[in-house]
Amino acid sequence: MPSSLRAEFIKMRRLWLVPIAVGSGLVLSALVWLSMSMTTQRLATEQRMEQPWQNGLIGDLTVTMTLVLPTLVILVTALCFFVEHRGEMWKQLRATPQPMLAIYGAKFVTIQLLVLLAIGTALVTALFGWALLPAVLQRELASSAAAARWALVGLAGALYISVLPVAIVQFFLSARLPNILHPVGIGLTATFASLMAMGPGTGPWLPYAYPGAVIMSRFAAPARTAPEQTTDAGYRAPPDAFQGIAAGAAILIDEAHENRHGIGSMDAPGTLRWLEEPARAARLPLRVSRLDLSDAALAEARLLILAGASRPLARQEVDAVVKWVEAGGSLLLLTDHEPFASPALELGRRLGLRFSVEMVPSSATGSGTRLRFTRADGALAAHPLTGGAANIVTYGGQALWREEAGTVSLLGLPRRLARPGAAQLLAFRFGRGRVVASGETGLFTAQRHADGSPVGLPDRSTDNERLVLNCLRWLLRGDDQG
C-alpha cells in the first residue's frame, strides 16, 4: 500500500491534480460567496421574499453544489486511471507482487485526499472571506461569527460525506471503461439529470444529487403548519384608553408590506382591531395604508404603526418615514425574529437601531418562548412609560439595541440571553418625533394560542395592557412622559 500510494502521488504531480483540486475549491468558494451576495441584493429589491434566506440560498447553493462537487470527483477519478488505461499498464501492474487490492485502495485514497483538499480549500477561503460577506447575511446565518464559522465547518464535512457515493460509482466506471470520455460523459450526464430531477421524493435518491440534498436539508424552511395563534375577537380595550388626547390625531396602520399584524386584510389578520373602539371614543381617525409609504400618505398622521412587515420597505419609503419622524411624527415599530426582522433592517439602521434577527431564547423563569420582565429582577425599567405595570410577558421575538443617548430600555434582556444593552422594547426621541420599537409583535396584539391561552393584551396574568396603552399614549402625545 505505501509503495502504491507513492506511485499515485507521483502521477498526481504529473497530471496537475493538486492544482485542479485547489482551483476547484477556490471556484466553489467564489460561487458560494457570489450566490450569498446576490441573495442579499434580492432581499433588498424583490417585492416579496418570505423566508428570504431559505428561498434564496436553497436554490442557488443547490445548483452550485450539485454541479461543482460531482464534476470535480468525476474528473479527478477519471484522471487517476488515465495513465494506466492510456499506456495499457494494467498487465504490468498485475505482474507485480503488489496485490490489486492495494493498487485500487491507493487510487481510492488518493481521490479522497484530492476531494478533501478541494473542500478544505473552499472552507479556508470561506473562513478568511467571512468579513467580506454582507453584514445582513452574517446576522442571518448565525448569531455570531464564531457560530457561523463552526456551521461552515459542519457543512463542509456533510458535503464530503454526501459526495462519497459519487466517488464510488465513478471509481467503478473509470476502472472498467478504458476510454476516459466514457466515465466522464456518463458522470456528467448523471449529474445534469440529477439536477433536473431534484424535487420532493426524487432528487435526494439520486447519488449525484446528494450534495444538493445536503444544502436543502440545511437551509430549507420548515413546512407550513396551521397558525399557532389566532385573533382574539372577544378582547376589548378600555374605551377611555386614549382619553385626553387631542381629537383628530390620525393613527395610520401600514398593511402594504404583507404585514403579519393589522386591522383585517388578507395579509394582516385583525390582531390590531382592538384599537378601533378606543380610537373611535377619542375621535382619533384610524386609517389603514395599503399603498407605499410617502410624504403624502404620512402628512395627516400623528402615529404610524408598522407591525410585522414581511416585505422590505423601499428606499424612498424609508426616507419618507425617517423625515416624517424627524419632523414630529410618532412611530410604533413592531418587529420580530425572521422573517419579520430583515424587512425593517434599513429603517431600523436609519433610526440608530440594531437587530439580533434570531429569536431570543426563553429565560430560565419563562415557559417555552415566553419571556417575563418584572420590577423585582430589574428587567422592567422604572419609568413613566411602565407606570402601573409590574409584570410583562413577551412571546419570543428578537433583541434590539440602540447606543444613542436618550434611549430608554423598557424591557431589558439579561446578558445570558443577549448582548449587553439589548432589550425587547425601546423608547426614544428622534428629532422632534418619538419612536417605540419592539423586538416582539405579540405584546401589542390581541391573540389566542391554539390551546386557548391568551397572547398580548388579553393576558390578564400580566400587565401587558397597561404597558402597551402607556406607550401608545406617549406616542400620541397624550401626556409628556419621558
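Residue numbers (our numbering): 6 to 487. The beta-carbon is built from N, C-alpha and C at its ideal position, and this holds for glycine as well. It should be emphasised that the depicted structure is a prediction, and the values quoted were computed from it without experimental measurement.
Asked	Found
Three-state class that DSSP yields for D259 in the structure shown	strand
Member of W279, G249, A251 whose CA lies at the smallest distance from the CA of I258	W279
Cβ pair count under 8 angstroms reaching 3, the segment 112 to 131 against the segment 165 to 178	yes
As assigned by DSSP and simplified to three states, the class of H454	strand
Backbone secondary structure at Q46 - three-state DSSP	Note that Q46 has pLDDT 48, beneath the 50 cutoff, so the model's placement of it is unreliable and no number is given.
Span of the alpha helix (DSSP H) around R320	320 to 331
Anticipated Cβ contact below 8 angstroms, G192 with I79, distance rounded	4 angstroms
Cβ pair I282, A242 closer than 9 angstroms	Residue identity check: residue 282 is Glu in the sequence provided, not Ile. Result yes, Cβ atoms of E282 and A242 sit closer than 9 angstroms.
The segment 282 to 295 in contact with the segment 319 to 327 per 3-pair CB rule at 8 angstroms	no
Range covered by the alpha helix (DSSP H) that runs through V473	469 to 480
Nearest-angstrom beta carbon gap, L431 and L415 [assumed within contact, 8 angstroms]	7 angstroms
Given L200 as reference, the closest of V73, F87, R359 once Cα atoms are compared	V73
Uninterrupted alpha helix (DSSP H) stretches inside the segment 331 to 366 (no shorter than 4 residues)	350 to 355
Limits of the alpha helix (DSSP H) - the one that P283 falls within	281 to 286
A404 to G417 span [Cα, whole Å]	9 angstroms
Cross-strand partners of A306 (DSSP beta bridge)	A255
Beta carbon of L477 nearer than 9 angstroms to that of A246	yes
CB-CB length for V81 against A163, believed under 8 angstroms	So it is not a contact: roughly 20 angstroms between Cβ atoms.
Paired residues, beta bridge with L431 - DSSP	S414, A442
L422 to G249 span [Cα, whole Å]	39 angstroms
The beta strand (DSSP E) enclosing L376, as first and last residue numbers	375 to 379
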